[in-house]
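See structure below.
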Amino acid sequence: MNAAAECDACEPIGLLAGWGRYPIVIAQALRRRGRRVVCLAVRDHADPALADLCDEFAWIGLGSVGRVARSFRRAGVRRAVMAGKIHKVTFYRPRWWLHHRPDWTAVRTFYRHFLTGGKDRKDDSLLSALVETYAAAGIHFEPATNFAPELLVQAGHLAGRPLSGRQRRDVQFGWELAKQMGGLDVGQTVCVKDQAVLAVEAIEGTDDCIRRAGELCRQGGFTVVKVAKPQQDMRFDVPTVGLCTLESIAAAGGSALAIEADRTILLDAGLFHATARRLKLSVVAIRPDAAAQRAA
Numbered sequence: 005m006n007a008a009a010e011c012d013a014c015e016p017i018g019l020l021a022g023w024g025r026y027p028i029v030i031a032q033a034l035r036r037r038g039r040r041v042v043c044l045a046v047r048d049h050a051d052p053a054l055a056d057l058c059d060e061f062a063w064i065g066l067g068s069v070g071r072v073a074r075s076f077r078r079a080g081v082r083r084a085v086m087a088g089k090i091h092k093v094t095f096y097r098p099r100w101w102l103h104h105r106p107d108w109t110a111v112r113t114f115y116r117h118f119l120t121g122g123k124d125r126k127d128d129s130l131l132s133a134l135v136e137t138y139a140a141a142g143i144h145f146e147p148a149t150n151f152a153p154e155l156l157v158q159a160g161h162l163a164g165r166p167l168s169g170r171q172r173r174d175v176q177f178g179w180e181l182a183k184q185m186g187g188l189d190v191g192q193t194v195c196v197k198d199q200a201v202l203a204v205e206a207i208e209g210t211d212d213c214i215r216r217a218g219e220l221c222r223q224g225g226f227t228v229v230k231v232a233k234p235q236q237d238m239r240f241d242v243p244t245v246g247l248c249t250l251e252s253i254a255a256a257g258g259s260a261l262a263i264e265a266d267r268t269i270l271l272d273a274g275l276f277h278a279t280a281r282r283l284k285l286s287v288v289a290i291r292p293d294a295a296a297q298r299a300a
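Add 4 to a position in the sequence shown, counting from 1, and you land on the number used in this note's numbering.
Here it is as structure tokens:
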């Protein structure tokens with residue numbers, strides 16, 4: 005290894021952590037690669053277990069944009085990743101800002117989104133504005149999967165019985181719809197039965213979308229389709245599935261899950277496959293070119 009490569013390998017990596025297991029998996033992957041991990045964890049979202057997995061750890065509020073940049077710079081961080089969900093419904097609670105206390109950098113970054121209404125509050129809009137602010141401060145975000153490429157699911161039949169003809173048609177229909185919804189930055193997930201739309205994901209998240217489909221389709225047997233956006237930025241908001249996804253589908257009465265290969269993060273793969281089999285769920289990972297053939 006040359007001197008430049010050695011210097012790169014010892015450079016600390018910043019981890020901006022939200023809700024869910026994904027930040028833990030990324031922290032573990034970084035440590036396995038010998039990286040020093042500096043974690044800033046969003047309060048009321050991130051798992052406290054991250055404190056024991058990272059070399060440096062601190063809690064932050066959703067509005068601590070300036071503090072994040074300063075903390076990373078002090079720790080020598082120039083490269084960083086985002087992992088984990090932010091519960092966007094927080095932004096629609098009364099006086100949410102009193103709890104999360106936006107700093108001046110956050111106000112400058114988001115005032116046109118939240119104060120004047122000059123810009124929208126879509127996920128891509130907010131997150132793009134955020135990474136641009138950090139880049140201007142010398143903190144460059146990159147895809148977390150650059151450090152854990154094994155998390156991106158490969159194409160294939162992952163678990164359960166082969167899809168029936170009706171399920172294949174639902175996958176094709178749901179795929180096309182989910183891609184259109186993603187193109188509008190609405191959500192990544194749709195729930196379908198017999199090519200009728202039961203639920204479309206919005207700010208509530210995948211699990212609540214699935215739960216709503218179960219409430220509306222008491223007979224069960226529906227299919228969940230989750231895909232990347234056509235304009236997917238792999239630095240943030242990458243579709244992710246794990247044990248909670250399977251448990252939500254089973255509890256709601258769903259029977260199948262179709263996800264996009266190469267652009268969906270699969271957490272705890274061994275447990276995921278075993279759980280899908282135990283819950284008798286069919287799971288497939290397909291590529292866009294194959295999705296169009298599913299109804300054939």
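Backbone N, C-alpha and C define an ideal beta-carbon position, used for all residues, glycine too.
- Judged by DSSP secondary structure, VAL111 falls within the alpha helix (DSSP H) whose first and last residues are 108 to 118.
- Burial check for ARG165: the Cβ neighbour count within 10 Å stays below 16, so the residue is exposed.
- Per the DSSP secondary-structure output, GLY160 pairs in a beta bridge with ALA289.
- Under the 8 Å Cβ criterion, the stretch 180 to 189 counts as touching the stretch 233 to 241, having at least three qualifying pairs.
- The C-beta distance from LEU261 to VAL287 rounds to 5 Å, short enough to fall under 8 Å.
- Between GLY160 and ALA256, the gap from beta carbon to beta carbon reaches 7 Å or more.
- Straight-line spacing of the CA atoms in ILE207 and THR193 works out to 11 Å.
- Note on geometry: alpha-carbon atoms of GLY224 and VAL93 lie some 27 Å from one another.
- For MET86, the closest of ILE263, TYR26, ASP211 and LEU156 by C-alpha to C-alpha distance is TYR26.
- In summary, TRP108 is exposed, with fewer than 16 beta-carbon neighbours lying within 10 Å of its beta-carbon over all protein chains present.
- Less than 7 Å divides the Cβ of VAL69 from the Cβ of THR113.
- Rounded to whole angstroms, the Cβ separation of ALA31 and CYS14 is 17 Å, and the two are not in contact under 8 Å.
- Under DSSP, GLY225 forms no beta bridge with any residue.
- CA-CA distance, THR149 to LEU155, rounds to 7 Å.
- The alpha-carbon separation between ARG216 and GLU136 amounts to approximately 35 Å.
- The residues PHE114 and HIS117, in chain order, have a CB closer than 8 Å to that of LEU130 in the same chain once the five nearest residues on each side in sequence are set aside.
- MET238 carries a coil assignment under DSSP once its states are collapsed to helix, strand and coil.
- According to the DSSP assignment, CYS248 belongs to the alpha helix (DSSP H) that extends over 247 to 256.
- Counting only runs of at least 4 residues, the stretch 130 to 200 fully encloses the following alpha helix (DSSP H) elements, listed from N- to C-terminal order: 169 to 187.
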